[in-house]
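Just below is one structure, and these are the notes that go with it.
Written as structure tokens, this is what we have:
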């Protein structure tokens, strides 16, 4: 009887099981982003110096660990192979990444738990928790994203996998709403229990999902191995993996990336996109406070906050359907044009059109986050082009994802710095010398007596910051994206060449 549920789980489609890994990450990460600063500042009472030291060290670690872990994971795949038979089977690469996920997923859940219990001096705990959590999160994200390039070669197959990732990420966002019911700074015990439940679910989910995927691909590998051996015959001599290969050093790899024209144009565009995504996240409460708080109810403010968390994932399901029909390049270009058009319309309308302002604030964040999620598919295409251009024995997908992150993560730092500087330059309003704003959608928002009427320049400054930043970002992105050539006929040619290189051990796309 117990074998029947196990058999049903084993028969789940690969895309569903792969997408479920996004659920086990998002239920933790959304809660982490929303509460870790408030926990250390308001509950643990961390001092300002320790907080900024921790954030500075975390900034450096967060920028360097992506390429570091990518290099450690994929440096063996960089060798060029003049003979196709010397390539590493894709089956072995997939199983290696799944084993890494089965180890690092539960460790990510444990690192998540370390935030919510005091076990060391506050400053030291803050630094160690941030670095441990981000390290395991990077290991999970790199291997998860790399699997997207390794499990499927066709654009349709990868879009299908990404569809389930978005679906499960949307489901994971509901942990944010559940957390509101237990968040209490004075009595932290209920929130701790809630976080333990999330961590247990995530750890068990990672263990179960990776086990199911390993079972599926070990079975698939045995079948493909038998067919491959039968087609070659027992007496065919297989070339050694080291025969004729040329080792690639880190310096040579960086030179190869510097010659990879589409990679350079993509990271330039993506740097602007990462900046815009984090600009929206950082200043979303500020825009609600200064542009809308006097004109909308508390429930409407909470609704807009909830939409900003869940709608990007749901919107991505529709965008992925468009990608299957028109291609990722055309959809991303259309989103840039839409961002430019909506921003110009809002600029012409002015800050006094309440309903239009609400729609613009919400849609600006939703479409920007949706674009970020689609760009994962573009990176997988760059992985294919990198393999073909440099004749690698296996796609170095985790390493390329890490290099993209290295170049684009500075956008996370530039977003709050540039945004606060622009606001101060235009209005004279310094956010660091003002009382902290109550977080929109928190348990007790806007309970203080209403403040005196604000200077018109502050509201006007927030409005111009809201509309001019998307306009500038859209113009820069349209210019750089027009130089990106990995689409249409060139993309089909690259896909065909990678398919031919991987033909002996290619995974059947129907499995995905």
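Residue numbers (our numbering): 475 to 986. Glycine is no exception: its CB is placed at the ideal position from the N, C-alpha and C atoms.
When DSSP states are grouped into helix, strand and coil, residue 839 belongs to the helix group. Taking 4 residues as the shortest admissible run, the region 790-838 contains the following complete alpha helix (DSSP H) segments, listed from N- to C-terminal end: 802-823.
In this structure, DSSP gives residue 549 a helical state, which the three-state scheme calls helix. If you draw a straight line from the Cα of residue 829 to the Cα of residue 643, it is about 29 Å long. According to the DSSP assignment, residue 962 belongs to no alpha helix (DSSP H), since it is labelled neither H nor E. When the Cα atoms are used, residue 681 and residue 542 turn out to be separated by approximately 25 Å. Short of 7 Å from the beta carbon of residue 793, and not among the five residues preceding or following it, lie these beta carbons of its own chain, in chain order: 805, 844, 848. Residue 749 has its alpha-carbon roughly 25 Å from the corresponding atom of residue 603. Counting along the chain, residue 944 sits inside the alpha helix (DSSP H) bounded by residues 930-955.
The three-state reading of DSSP puts residue 685 in helix, counting H, G and I together. Contact between the region 946-965 and the region 732-748 is established, with three or more Cβ pairs separated by less than 8 Å.
Taking 8 Å as the upper bound for CB-CB distance, residue 632 and residue 854 are in contact here, some 6 Å apart.
Remark: C-beta atoms of residue 676 and residue 502 approach each other more closely than 8 Å. Here DSSP, grouped into helix, strand and coil, assigns residue 660 to coil. For residue 861, the closest alpha carbon among the candidates 971, 841, 875, 901 is that of 971. By the C-beta criterion, the region 930-947 is judged not to be in contact with the region 872-886, since fewer than 3 inter-stretch pairs fall below 8 Å. By the CB criterion at 8 Å, residue 635 and residue 610 fall outside the cutoff. Taken atom to atom, the span from the alpha-carbon of residue 593 to that of residue 599 is near 7 Å.
Per DSSP, reduced to three states, the secondary structure at residue 784 is helical.
Proximity of the region 646-666 to the region 583-592 meets the contact definition, three or more beta-carbon pairs being nearer than 8 Å. Here the alpha carbons of residue 689 and residue 627 stand approximately 21 Å from one another. In the same chain as residue 842, and ignoring 5 residues on each side of it, the C-beta atoms closer than 6 Å to its own belong to 750, 751, 754, in chain order. Judged by DSSP in its simplified three-state form, residue 610 adopts helix. For residue 585, the closest alpha carbon among the candidates 648, 517, 544, 510 is that of 510. With contacts defined as CB atoms closer than 8 Å, residue 858 and residue 722 fail to qualify as a contacting pair. Using a Cβ-Cβ distance cut-off of 8 Å, the region 806-822 and the region 944-952 are in contact, since at least three pairs of beta carbons, one from each stretch, lie closer than that value. The Cβ neighbour count for residue 654, taken over all protein chains shown within 10 Å, is under 16; the residue is labelled exposed. Under the criterion of beta carbons closer than 8 Å, residue 686 and residue 486 qualify as touching, at roughly 7 Å. Residue 514 places its beta carbon less than 8 Å from that of residue 525. In this structure, 875 is the residue among 886, 898, 875, 964 with its C-alpha nearest to the C-alpha of residue 544. In this structure, the alpha-carbon of residue 788 lies about 25 Å from that of residue 885. DSSP, reduced to helix, strand and coil, places residue 674 within a helical segment of the structure shown. For residue 895, the uninterrupted alpha helix (DSSP H) run begins and ends at 884-901, by DSSP. Short of 6 Å from the beta carbon of residue 895, and not among the five residues preceding or following it, lies no beta carbon of its own chain. Taken atom to atom, the span from the alpha-carbon of residue 962 to that of residue 817 is near 29 Å. In the DSSP annotation of this structure, the continuous segment of the alpha helix (DSSP H) that includes residue 726 starts and ends at 724-733.
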